[in-house]
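Below is one structure, written out as structure tokens; the observations come after it.
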Amino acid sequence: MNVIPLHASAGISGFESPAAEYSQLSFDLDELLIEHPSSTFIGRASGDSMQGVGIFDGDLLIVDRYVTVQSNDVIVANFNGEFVCKILDTQRRLLVSANEKYQTVPINDYDTFTIEGVVTRSIRCHRPSYWCAPQN
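Sequential numbering from 1231 applies to the sequence shown in this note's numbering.
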């Protein structure tokens, strides 16, 4: 992959062409984003309950089934037949949203609950494409 080292500030101002420092780097997005390829899947976030941790509606989630789940990890789980993306509080057995609009959900003994994996990365698409198309 060809990489142009560009460091842009939040303010927009004129700057020298980034092509002036263009360099060829050995860089693979798979290596950067996926640590355990055989146990990783990609899902799409839906809704606004995880905005507080930077996951927005339509973002792609890289979910790793290999890593050991820890308290306060962002996880994808099957909760009573519905896939959810939440913060897991293992001590209090809670599913926590990262948006104050949503209540914390207890995981009760009678609930069907399985952890599908830990969200290790998320990708935000700024222009629609095959993978980042608006959801129907």
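Beta carbons are placed, not taken as given, at the ideal position from N, Cα and C, and that holds for glycine.
Computed from a predicted model, the values in this text were never measured in an experiment.
Which of the three DSSP states, helix, strand or coil, is assigned to residue i?
{"i": "P1336", "result": "strand"}
{"i": "G1273", "result": "strand"}
{"i": "I1292", "result": "strand"}
{"i": "E1265", "result": "coil"}
{"i": "R1357", "result": "coil"}
{"i": "D1278", "result": "coil"}
{"i": "D1258", "result": "coil"}
{"i": "V1283", "result": "helix"}
Alpha carbons only, please: which of the options is nearest the one belonging to residue i?
{"i": "C1355", "options": "A1328, F1309, L1290", "result": "L1290"}
{"i": "E1330", "options": "T1350, Q1300, G1282", "result": "G1282"}
{"i": "A1328", "options": "D1339, S1268, C1315", "result": "C1315"}
Could you tell me which residues DSSP puts in a beta bridge with residue i?
{"i": "C1315", "result": "V1306"}
{"i": "R1351", "result": "I1292"}
{"i": "V1326", "result": "I1317"}
{"i": "Q1344", "result": "Reading off the sequence, residue 1344 comes out as Thr, not Gln. DSSP lists N1308 as partners of T1344."}
Please confirm whether residue i and residue j have their CB atoms less than 7 Å apart.
{"i": "D1303", "j": "V1348", "result": "yes"}
{"i": "I1337", "j": "V1326", "result": "no"}
{"i": "L1263", "j": "I1292", "result": "yes"}
{"i": "D1294", "j": "T1270", "result": "yes"}
{"i": "V1299", "j": "I1353", "result": "no"}
Could you round the C-beta distance between residue i and residue j to whole angstroms and report it? I think they count as a contact, below 8 Å.
{"i": "G1273", "j": "V1306", "result": "6 Å"}
{"i": "D1341", "j": "N1310", "result": "6 Å"}
{"i": "S1382", "j": "Y1332", "result": "What the structure shows of the chain is the stretch from 1231 to 1366, and residue 1382 is not part of that stretch, so it cannot be assessed."}
{"i": "T1350", "j": "E1265", "result": "7 Å"}
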